[in-house]
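Sequences listed follow chains A and B, in order. FYI, the numbering for the first sequence is 2 to 305, going by the working numbering. FYI, the numbering for the second sequence is 65 to 377, going by the working numbering.
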Amino acid sequence: MVNKKKKWRGFQEFLYILPFLIIVAIFSYYPLYGWVYAFFDYKPPKPLSMDLFVGFKWFKTMVENPVKVKQILGVLRNTFAISGLSLLFSWFPMIFAVFLNEIKCVPFKKFVQTVTTIPNFISWVLVFSIAYSVFSSTGVINSILMELGVTTEPIMFLKSAEHVYFKQWLWLTWKNAGWAAIMYIAAITGIDEELTEAARVDGANRMQIIRHITIPSILPTYFVIVMLNLANFLTNGMEQFYVFANSFNKEYIQVLDLYVYNLAMGSGGYSLSVAISILKTVVSIVLLTATNKFSKLVRGEGFI
Amino acid sequence: MGKKKIDEYKSSGVHYKQSFGDRVISIITYIVYSVFAFVCVYPFYYIFINSISSNQLSERGKVIFWPKEVHFTNYASVMKIDGLFDAFKVSLGRTVVGTIFAVFSSAFLGYMFTRKTLWGRKFWFRFVAATMYFNAGIIPLYITMTNLHLTNNFWVYVLPMAISPFYMILCKTFVESVPNELSDAASIDGAGTLRIFFSIMLPIIKPILATVAIFTAVNQWNAFQDTLLYITEKKLYTLQFVLYNYINQASSIKALLNGSTSGTNIVASMAKMQTATSIRMTVTVVVVAPVLLVYPFFQRYFTKGIMIGAVKG
């Protein structure tokens, strides 16, 4: 009797969450059906029919068609360069947090923390608008450079094919570093004060305390960040690169996510676009599983 | 090292005396962080002072440290741009509705997945949580939205983002930390699943809901991609999208605005004549202002918010 009642209650509870499950099914699972378009020669508005079936044609195109191969290699180079730069400098927020913690003047510390976090909360469109205002030919940087006589012609910072990766990395860092540092600041706050005091009594100076106490205690956090970076290696998002793209830098700024978008919306390569995003998803899941396994091996726990 | 000895040591004052090396490090840190802070603050300040300065000067990049020939007509002018006010309403609408949806669904699902009696609890939990790790891609999503008649529809801003596995898990972890006795006692008193949720759980998990609300709201306000993909009808453009268009077509808007406002006294209005720069800067201030205004209030939720990324499913 009690058991039956419990079962009925469980089913009732299931009915409560059913509407939510349906939303998840519609917006996350149902679209997966669209993956079949990768195996057809889809040209809307013509509906999909069996005589458009092309099998693995698009997957073969990626490795056989010389034009596409060149394009895709370029896109991969951009993706690897930008993700690689982020990975290479992933320690920056950690060091930022470590030295920020060394500041004894609390109001100044709070101020720095507050203002460096702001950019994280504005959209890429706004970042671009700011970039445009500051770096365009009549922007503040060019105004100052010309006033000082460093250059007579305004320097085109945004409309240029030079240092694209580095510039994009700078914008990413400008937007995210302060925010990313918060996690490390929280980790540093968790360090046992007696540990640092004891070291100080033993005659350790600041650099020694940083090296032997602060950094080792936050390394586990850093490790997780690196693993997540690796897992998301192919995912740069498209917004940043979409807004910063122009005819000068397009060869270098087109990362995988943007390429998939451009193929789909720009050049009508619908099926190829789907094929590439399928491959990307598969590789990303493999990367995630691998890094998670590795993390389990090293730290004894994964992050999924 | 005993606690007492450390206290003694602290009070002795000796340890506050910095060595020469320490002092050099101190000075360098202050300088470096001042530069960081400046780099983060100045662009906002620069855009603001340009939006209230003489448009002729800002056009030529002459406004750098402080505003010159202050006037506020730019703000009145941009309001006349076709569609800006509509865009503001759409952005505000999606932020409010989207946040309510996301907060409620995360709280409710987070709570329901702690109910041991729930039929198929583990399976359904994984069913929702797994969606964090894959994405069907642009074309399949576009086709889905078309099939559901959600393109050029306000609800495309809200429904796909209504359920966030991240926030759901965050809420679930929080609910799990609430002692069981509370809901047990309530259920002995005859409260049902829903009753427990609304009158006991919701008030308890308020702090975490505040975090979820803030982060969803900022995401909604900043969203750009969905307009780009699914919306072609001007009425449904968001502020972010409109701003992006303005940056790229500021010169045509300039002609439009000046044509409609050209008064009799041309010389006097030169400084207030709209330029591509003035429009761009002013709209930027309008779009960024809401985020900066609420920023001080949600700052205290940061540490919780950052945990979202590190949460385990």
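Glycine included, C-beta positions come from ideal geometry on N, C-alpha and C. All values reported here derive from a predicted model rather than from experimental measurement.
Of all the alpha helix (DSSP H) runs that stay within the bounds of the region 97-140 of chain B, which reach a length of 4 or more residues? Here the runs fully enclosed are 119-123.
Taking Y301(B) as the query, report the chain A residues whose CB atoms sit under 7 Å from its CB, ordered along the chain. Chain A residues near Y301(B): none, gap ~12 Å exceeds 7 Å.
Where F41(A) falls: helix, strand or coil (DSSP): strand
Taking 8 Å as the cut-off, does the region 278-289 of chain A touch the region 213-233 of chain A (at least 3 CB pairs, one atom from each stretch)? yes
For the region 7-23 of chain A, which residues have a beta carbon sitting closer than 7 Å to at least one beta carbon of chain B? K7, R10, G11, F12, E14, F15, Y17, I18, F21 and L22
From the DSSP output, read off the bridge partner residues of F54(A). F41(A)
Taking Cβ-Cβ distances shorter than 7 Å, what residues in chain B pair up with I216(A)? Ordered by position in chain B, no residue passes the 7 Å Cβ test against I216(A), which lies about 15 Å from the chain.
Determine whether the beta carbon atoms of L205(B) and P32(A) lie at a separation below 8 Å. Cβ atoms of L205(B) and P32(A): closer than 8 Å.
Work out the CA separation of I18(A) and G270(A) for me, nearest whole Å. Approximately 39 Å between the Cα atoms of the pair.
Going straight from the alpha carbon of N102(A) to that of I189(A), what length do you get? 8 Å
Collapsed DSSP secondary structure at R364(B) in the structure displayed: DSSP places R364(B) in helix when its eight states are reduced to three.
Using 8 Å as the limit for Cβ to Cβ distance, is Y262(A) near chain B? yes
Between the region 110-126 of chain B and the region 345-353 of chain B, do at least 3 Cβ pairs fall closer than 8 Å? yes
Nearest-angstrom Cα distance between T80(A) and Y185(A)? 27 Å
In chain order, what residues of the region 270-294 of chain A put their CB closer than 9 Å to some CB of chain B? Legend: CB atoms of the region 270-294 of chain A lying less than 9 Å from CB atoms of chain B belong to residues Y271, S272, S274, V275, I277, S278, I279, K281, T282, S285, I286 and L289.
Quick one: which chain A residues come within Cβ less than 8 Å of I207(B)? P32, G35 and Y38
Using a 10 Å radius around the Cβ and a threshold of 16 neighbouring Cβ atoms, would you call S326(B) buried or exposed? Only weak support is given to the placement of S326(B): the predicted model assigns it a pLDDT of 47, under 50, and the value that follows is read from those uncertain coordinates. Exposed, since its Cβ has fewer than 16 Cβ neighbours within 10 Å.
Please check if any C-beta of chain A sits within less than 8 Å of the C-beta of W219(B). no
Under the three-state reduction of DSSP, which class applies to Y310(B): helix, strand or coil? helix
Between G157(B) and chain A, is there a C-beta pair that is closer than 8 Å? no
Can you say whether N244(B) is buried or exposed, counting buried as having 16 or more other CB atoms within 10 angstroms of its CB? exposed
Compare the C-beta of A332(B) against all C-beta atoms of chain A and say whether one is closer than 8 Å. Only weak support exists for where A332(B) lies, its pLDDT of 48 falling under 50; the coordinates are left without a value.
Check whether the Cβ atoms of W285(B) and G11(A) lie closer than 8 Å to each other. no
Examine chain B for any beta-carbon lying closer than 8 Å to the beta-carbon of F122(A), and answer yes or no. Among the CB atoms of chain B, one or more fall inside 8 Å of the CB of F122(A).
Could you check whether S169(B) and A226(B) sit closer than 8 Å to each other, using their CB atoms as the reference points? yes
Can you find the residues in the same chain that come closer than 8 Å, C-beta to C-beta, to W172(A), ignoring five residues on each side of it along the sequence? V128, A132, Q241 and F245
Under 8 Å, Cβ to Cβ, is there at least one residue of chain A near S83(B)? yes
Keeping to the same chain, check which residues put their C-beta closer than 7 Å to that of V135(A); ignore five residues upstream and five downstream. So the list reads V141 and I142, once near-sequence residues are dropped.
Residues of the region 86-111 of chain A with Cβ closer than 7 Å to any Cβ of chain B, in chain order: F100, L101, E103 and I104
DSSP-derived helix/strand/coil call for S258(A): What sits at residue 258(A) in the sequence shown is Asp, not Ser. In the structure shown, D258(A) sits in a helix (DSSP, three-state: H, G or I).
Is the region 33-42 of chain A touching the region 202-216 of chain B, taking contact as three or more C-beta pairs under 8 Å? yes
Compare the C-beta of I156(A) with all C-beta atoms of chain B and state if any pair is closer than 8 Å. No, because no Cβ of chain B sits closer than 8 Å to the Cβ of I156(A).
Cβ-based neighbour list, T137(B), same chain, cut-off 6 Å, excluding 5 preceding and 5 following: These residues qualify, in order along the chain: K336.
Using only the alpha-carbon positions, how far apart do K6(A) and M176(B) sit? 18 Å
Kindly indicate which three-state DSSP category R259(B) falls into: helix, strand or coil? helix
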